[in-house]
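Undergrad: For the sequence shown, the working numbering assigns the number 377 to the last residue and increments by one with no breaks. For each residue, glycine too, the CB sits at the ideal point set by N, CA and C. Just dropping this structure here.
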Amino acid sequence: MNKNTKIYVAGHRGLAGSAIVRELQRQEYTNLVTRTHAELDLEDAVATQQFFEQEKPELVFLAAAKVGGIHANNTYPVDFLMSNLLIEANICRAAHSTGVDRLIFLGSSCIYPRDCPQPIKEEYLLTGPLEPTNRPYALAKIAGIEMCWSYNRQYGTKWLAAMPTNLYGPGDSYDLNNSHVLPALIRKMHEAKVSGASEVVLWGSGTPKREFLYVNDLANALVFLATLDDARYDALVEPSHCPLINVGSGVDLTIRELAEMVADVVGYQGRFVQDTSKPDGTMRKIMDVSRIRGLGWKPSISLEEGIKLTYKMFCKAIL
C-alpha cells in the first residue's frame, strides 16, 4: 500500500468506521472513499455492485453493520439478522467481482460460544451454543467470517476477519434503550450527578466481567493489520484456516467495577442498586489477543484514560 491507495470504509459514520477514517487520515492516506446510507444503501445489491464498479477500491474496511445492546437485540432480532447478512453478502460479492485483494471484515466478540474457556481463542469459534440475547446478530457476523474464508478458499482473495472486544469512544450511542453498557453508564452517572440522585440502578447482578477497547485503538489495529507486509498478512489469510484474529486489550473487570470507575470519572458519589430482574448476558468474555500481540500490536489507551476522554466528548455533545 501507498498513501494514495484507494480505500473504501463501509460504515464510516459508525463508531468503528469513523475511527478508521480518522486513523487513515492521521496516517496521511489521501484517497478515501465513503458513502452515507442516504447515498448508498448497502442492503441494495444492485446499488452496491454499481458503486464498486464505479469506484473500484483497492482496500475495503467492512465496518458497516446494524448494532445495538441487549435490549435492542432482543426486541428486533429479524432486523439484526437480515440487515447484517445483506450488507456482508452485497459487499463481499461486489468486492470480489471488482478485484478487491485485501478486505478487513469487522466482527464482534459475541460470535464466540457463551460458555467457552477464557480467554477466548480464535479457534473456539463454533464450539458451543451462542449467548441467546444476541444470537441473530452473532450468527450474521459468523456468516461474514465464513464469507471471507469461502472467498479466500474458492477465489484466492486475501480477506481477513477482525474480532474486536467491546468498543467505546467518539461516535458512540448514549441511548439508554439501545446503547452498550459503558456509554449507558456514562449517561446514567452524568444525569444522576446533575439531578442530585442518591442512587443509580444498574442492570443485572454486576458480576459479569467485560473487556473494553477504546475505538481509536481498534482503528489503529485494523490499519496495522491491513498494511502488514505480504509474508505476515498472507499467513493470516492462508486458505487452509479461518482468517480470524482477535483485537482487544486483554484486560477485563466486573460491570460493578466498571460502574465505580465511570462514577469516579464523572464525579457521581451516590450509591448503586442492582436490578437483578434484568439479564446479565455472558458471565465472562475476554479475548485471547496473543496472535495480534505476536505481530507487534498492542493498545495505547488505558480504560480509565479512555473513559475520561469519552466523558469529555459526551459533555461537549450535550452542551
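For I365, which residues in the same chain have their Cβ closer than 7 Å to its Cβ, ignoring the five residues on either side in sequence?
TA: Along the sequence shown, one-based indexing puts residue 365 at 307. Closer than 7 Å at the Cβ level, and outside the excluded window around I365, lie M319, V320 and V323.
Undergrad: When DSSP builds the beta bridges, which residues end up paired with W217?
TA: Counting from 1 along the sequence shown, the entry for residue 217 is found at position 159. L161, per the DSSP bridge assignment.
Undergrad: Using a 10 Å radius around the Cβ and a threshold of 16 neighbouring Cβ atoms, would you call G227 buried or exposed?
TA: Taking the first residue of the sequence shown as 1, we reach residue 227 at position 169. Label assigned to G227: buried.
Undergrad: Are the Cβ atoms of D338 and V259 separated by less than 7 Å?
TA: For the purposes of this step, residue 338 is identified with residue 280 of the sequence shown, where counting begins at 1. For the purposes of this step, residue 259 is identified with residue 201 of the sequence shown, where counting begins at 1. No. Outside cutoff.
Undergrad: Let's see if you can read the secondary structure: which residues bound the alpha helix (DSSP H) around R314?
TA: Along the sequence shown, read from residue 1 onward, the residue named residue 314 stands at position 256. Unbroken alpha helix (DSSP H) run through R314: I313 to V324.
Undergrad: On the criterion of 16 or more Cβ atoms from any shown chain inside 10 Å, does Y213 qualify as buried, or is it exposed?
TA: To locate residue 213, count along the sequence shown from 1; it is residue 155. Under this definition Y213 is an exposed residue.
Undergrad: Using a Cβ-Cβ cutoff of less than 8 Å, which residues in the same chain neighbour D159 once the five nearest sequence positions on both sides are dropped?
TA: As a first step, residue 159 is located in the sequence shown; it is residue number 101 there, counting from the start. Excluding sequence neighbours, D159 sits near E116, L117, T215 and K216.
Undergrad: Label D102 either buried or exposed according to how many other C-beta atoms from any shown protein chain fall within 10 Å of its C-beta, with 16 as the threshold for buried.
TA: Within the sequence shown, the letter at position 44 stands for residue 102. Per the 10 Å Cβ criterion, exposed.
Undergrad: In angstroms with no decimal places, state the Cα-to-Cα distance between F119 and I203.
TA: Within the sequence shown, numbered from 1, the residue matching residue 119 stands at position 61. Within the sequence shown, numbered from 1, the residue matching residue 203 stands at position 145. Rounded to whole angstroms, F119 to I203 spans 14 Å at the Cα level.
Undergrad: Please list, in chain order, all residues of the same chain as T106 whose beta carbon is under 6 Å from its beta carbon, the five residues on each side excluded.
TA: Stepping through the sequence shown from its first residue, residue 106 is reached at position 48. The residues are L100, N148 and A152.
Undergrad: By the three-class DSSP mapping on this structure, what secondary structure does E181 have?
TA: Within the sequence shown, the letter at position 123 stands for residue 181. Helix.
Undergrad: Please list the terminal residues of the continuous beta strand (DSSP E) segment that includes I169.
TA: In the sequence shown, counting from the first residue as 1, residue 169 sits at position 111. Careful: I169 lies outside any beta strand (DSSP E) and carries neither H nor E.
Undergrad: Count the other CB atoms, across all protein chains shown, that sit within 10 Å of the CB of N62; report buried if there are 16 or more and exposed otherwise.
TA: Counting from one through the sequence shown, the residue named residue 62 turns up at place 4. Counting Cβ neighbours within 10 Å, N62 comes out exposed, since fewer than 16 surround it.
Undergrad: How big is the Cα-Cα spacing for H299 and L161?
TA: Position 241 of the sequence shown, counted from the first residue, corresponds to residue 299. Position 103 of the sequence shown, counted from the first residue, corresponds to residue 161. Each residue's alpha carbon lies about 16 Å from the other.
Undergrad: How close, in whole Å, do the beta carbons of T92 and H70 come, if the pair is a contact with beta carbons under 8 Å?
TA: Walking along the sequence shown from the start, residue 92 turns up at place 34. Walking along the sequence shown from the start, residue 70 turns up at place 12. Yes, they are in contact, since the Cβ atoms of T92 and H70 sit about 4 Å apart, within 8 Å.
Undergrad: Would F138 pass as a contact of N132 if the rule is Cβ separation under 7 Å?
TA: Here the question's residue 138 lines up with position 80 in the sequence shown. Here the question's residue 132 lines up with position 74 in the sequence shown. Not in contact: F138 and N132 (Cβ atoms no closer than 7 Å).
Undergrad: Given N192, which residues of its chain have a CB within under 6 Å of its CB, disregarding the five upstream and five downstream residues?
TA: The residue given as residue 192 occupies position 134 in the sequence shown. Taken in chain order, the residues that qualify are N131 and C168.
Undergrad: Please report how far the alpha carbon of P190 lies from the alpha carbon of G127, in whole angstroms.
TA: Start at 1 with the first residue of the sequence shown, and residue 190 comes out as number 132. Start at 1 with the first residue of the sequence shown, and residue 127 comes out as number 69. Taking the straight line from one Cα to the other gives about 13 Å.
Undergrad: Please report the residue range of the alpha helix (DSSP H) in which Y369 lies.
TA: Against the sequence shown, residue 369 aligns to sequence position 311. L361 to I376 is the span of the alpha helix (DSSP H), which, as asked, contains Y369.
Undergrad: Closer than 8 Å by C-beta to A122: which residues in its own chain qualify, once you throw out the five before and the five after it? Chain order, please.
TA: Taking the sequence shown and counting its residues from 1, the one referred to as residue 122 is at position 64. Correct list, in chain order: A68, G69, G72, G75, L100, I145 and I149.
Undergrad: Can you grab the Cα-Cα spacing for the pair P378 / G308, in whole Å?
TA: One cannot answer for residue 378 here, as it falls past the ends of the chain, which runs 59 to 377.
Undergrad: What does DSSP give as the partner residue(s) for F330 in the beta ladder?
TA: One-based indexing of the sequence shown puts residue 330 at position 272. V258.
Undergrad: Taking its Cβ as the centre, do 16 or more other Cβ atoms sit within 10 Å of S348, making it buried, or is it exposed?
TA: As a working note, residue 348 is residue 290 in the sequence shown. S348 should be labelled exposed.
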